[in-house]
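Novice: If you're matching positions, the sequence shown starts at 17 in my numbering and goes up one per residue.
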Amino acid sequence: MGAAEPSSPSQREPLLLQGAKGIDITVLDFELEIHDVCRYDFVNIRGVKYCNNVKANTTMSFPGNTLVITFHSDRSVVKKGFKIKYKASFPVLTTLSSTEFMTTLIPTLSTAVRPERDICGQTIFNNATGMIRSPRHPLNYPTNIRCVYSIRTPGAIRYHLHFGEFSLESAWKCNGDYVKITSGVRSLGRICGTEAANKTYTYDTDSIELEFVSDGNVQRSGFSLRYNAEIDMTTVESGIEATTQYYINGSGLTAAEV
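1) Per DSSP, what are the beta-bridge partners of Y243 in this structure?
2) Between the alpha carbons of F98 and D90, how many angstroms are there, rounded?
3) Can you check whether the CB of S240 is closer than 8 Å to the CB of R149?
4) Is the segment 134–144 in contact with the segment 209–221, if contact means three or more CB pairs nearer than 8 Å?
5) If distances are taken between C-alpha atoms only, which option among T221, S237, D40 and T42 comes closest to A228?
6) DSSP on R168, reduced to helix/strand/coil?
7) Should P151 and I161 be called a contact, given that it needs their Cβ atoms to be closer than 8 Å?
8) Quick one: Cα of R172 to Cα of D220, how far?
9) According to the Cβ coordinates, are K101 and L44 closer than 8 Å?
10) Restricting to runs no shorter than 3 residues, where is the beta strand (DSSP E) found entirely within the segment 40–82?
11) Can you tell which of T86, V93 and I50 has the C-alpha that lies nearest to the C-alpha of N60?
12) One question on the structure: do L184 and Y217 come within less than 8 Å of each other, judged by their Cβ atoms?
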């Protein structure tokens, strides 16, 4: 892992895995400031704080398809941090294989679970269709945020993205607020203003990543997006439980591959 944990306010990762029946957490590495009741540096999972009391290779299981993980660090003792692997299981009995990917810790000053409309960033696995909305939509989105939405559907060969409402700050080369869509490893550029309103974009790919960024200036109502995936059933194996895996690295805002 290598880097020290940040001395900063709480950072939170909200996870929503639509269709999942449970989430397993495996601790790969864990070193935070020691305290009997975890008052200073800690990881909070569903109201339980963890600091110096977690051993490597410990696995914890949580029912349901949502999980909020908060990492808090004070401004005194700095330790190595932590690395955690997450695995979600689904009741659906069709999949290609498990998938590994990176996620980002979302800074926040609150430890309360946010309403769905306030969620900034999601990882969506195993859903062929669904909706994504900017935080607070249809109200104005917050300033200075970065939300990453990843869509991964087993067997997908093509995605159709339809923006119903789309209202962002308009700036030259979209250097203010913008949405950036990445198809596989190819970035498709930034979209801003109202140019995507009531438009449909089609991409031949098995995964989509949508990044929404706002600066500290103009705020708008944001966007609502419906996605649909075309599935090639000849590539999907049957009889295997669908799973997905990803990693969060507590030493910084961006996770590192394991």
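Note that beta-carbon positions come from the ideal geometry of N, C-alpha and C, so glycine has one too.
Specialist: On the basis of the supplied data:
1) Note: Y243 sits in a beta bridge opposite G146 and L177.
2) When rounded, the separation of the alpha-carbon atoms in F98 and D90 is 15 Å.
3) In this structure, S240 lies closer than 8 Å to R149 by Cβ.
4) Taking 8 Å as the limit for Cβ pairs, the verdict is that the segment 209–221 does not touch the segment 134–144.
5) According to the sequence as given, residue 228 is Phe; it is not Ala. Measuring from the Cα of F228, the nearest candidate turns out to be S237.
6) Strand.
7) Their beta carbons are under 8 Å apart, which means P151 touches I161 by this criterion.
8) In the sequence on display, residue 172 carries Ala and not Arg. Distance between the alpha carbons of A172 and D220 is about 9 Å.
9) Yes, these two residues count as a Cβ contact at 8 Å.
10) Entirely contained in the segment 40–82, the beta strand (DSSP E) runs reaching 3 residues are, in chain order, 58–61, 64–66 and 75–79.
11) Residue T86 is the option with its Cα nearest to N60.
12) Inclusion of L184 and Y217 in the CB contact set at 8 Å is not warranted, their separation being larger than that value.
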